[in-house]
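The structure appears below as structure tokens.
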Amino acid sequence: MADKPTGILMCAILFAIGGVLSILIGFLGVSTISEFEEAPKIFTALSTILGVVFLIVGVAELVVAYGILNLNKWARTTGIVLAVISLINIPIGTIISIVILYFLLMNEETKNAFQ
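Going by this note's numbering, the first residue of the sequence shown is number 14, and it counts up by one from there.
Put into structure tokens, the structure is as follows:
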């Protein structure tokens with residue numbers, strides 16, 4: 014792992030942290046809504062749908078983190094797509110996405126590692 018460029022490690026760590034947090038948020042969204050019996054049905058449905066979306070995104074981020082660590086080209090492409098989508102997560106998600114996009118698109122050492 015020490016021979017990998019810093020950009021690879023940074024991207025993998027950021028995706029792994031984001032994935033774990035997304036999975037936790039997803040479980041929270043799916044599990045806590047059942048405790049509010051008087052909640053409107055639309056709120057229950059929306060919370061469940063968003064919880065499932067967060068779970069899917071979290072798993073995808075963990076898979077991308079693993080792929081980036083193993084220098085898989087598909088992981089670089091998927092990571093770029095996920096980072097672009099995450100740009101709307103103002104302000105923290107935007108900053109993290111900019112860092113990831115810099116390393117995956119602009120940093121020569123990181124780009125060359127995927128060759």
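Even for Gly, the Cβ is constructed at its ideal location relative to N, Cα and C. Fair warning: this is a prediction, and the values are worked out from it, not measured in the lab.
> Given that a residue counts as buried once 16 or more other Cβ atoms are within 10 Å of its Cβ, and exposed if not, what is Ser142?
Replying inline: Coverage of the chain is limited to positions 14 through 128, which leaves residue 142 absent and any answer about it impossible.
>> Please classify Met23 as buried or exposed, where buried requires at least 16 neighbouring CB atoms within 10 angstroms.
In response: As a first step, residue 23 must be located in the sequence shown, where it is residue number 10. Looking at its Cβ environment, which holds 16 or more other Cβ atoms inside 10 Å, Met23 is buried.
>> According to DSSP, is Ile103 part of a helix, a strand, or is it coil?
In response: The residue you call residue 103 lines up with position 90 of the sequence shown. Correct three-state label for Ile103: coil.
>> Since Ile38 and Phe67 should fall inside the 8 Å C-beta cutoff, what is the C-beta to C-beta distance between them, to a whole number of angstroms?
In response: Locating residue 38 in the sequence shown gives position 25, where the first residue counts as 1. Locating residue 67 in the sequence shown gives position 54, where the first residue counts as 1. At roughly 5 Å, the Cβ-Cβ gap stays under 8 Å, so Ile38 and Phe67 are in contact.
> Roughly how far, in whole angstroms, is the beta-carbon of Ala29 from the beta-carbon of Ala78, given that I think they are within contact range, below 8 Å?
Replying inline: Counted from its first residue, the sequence shown places residue 29 at position 16. Counted from its first residue, the sequence shown places residue 78 at position 65. Contact flag correct, Cβ pair sits at about 4 Å.
> Would you call the CB atoms of Ile21 and Ile81 closer than 8 Å?
Replying inline: Locating residue 21 in the sequence shown gives position 8, counting from the first residue. Locating residue 81 in the sequence shown gives position 68, counting from the first residue. Yes.
> Based on Cα-Cα distance, which residue from Phe56, Pro53, Glu51, Ala73 lies nearest to Arg89?
Replying inline: Stepping through the sequence shown from its first residue, residue 89 is reached at position 76. Considering only alpha carbons, the answer is Ala73.
> How would you write the range of the alpha helix (DSSP H) that Asn85 sits in, first residue to last?
Replying inline: Counting from 1 along the sequence shown, the entry for residue 85 is found at position 72. Asn85 -> no alpha helix (DSSP H), and no H or E assigned at all.
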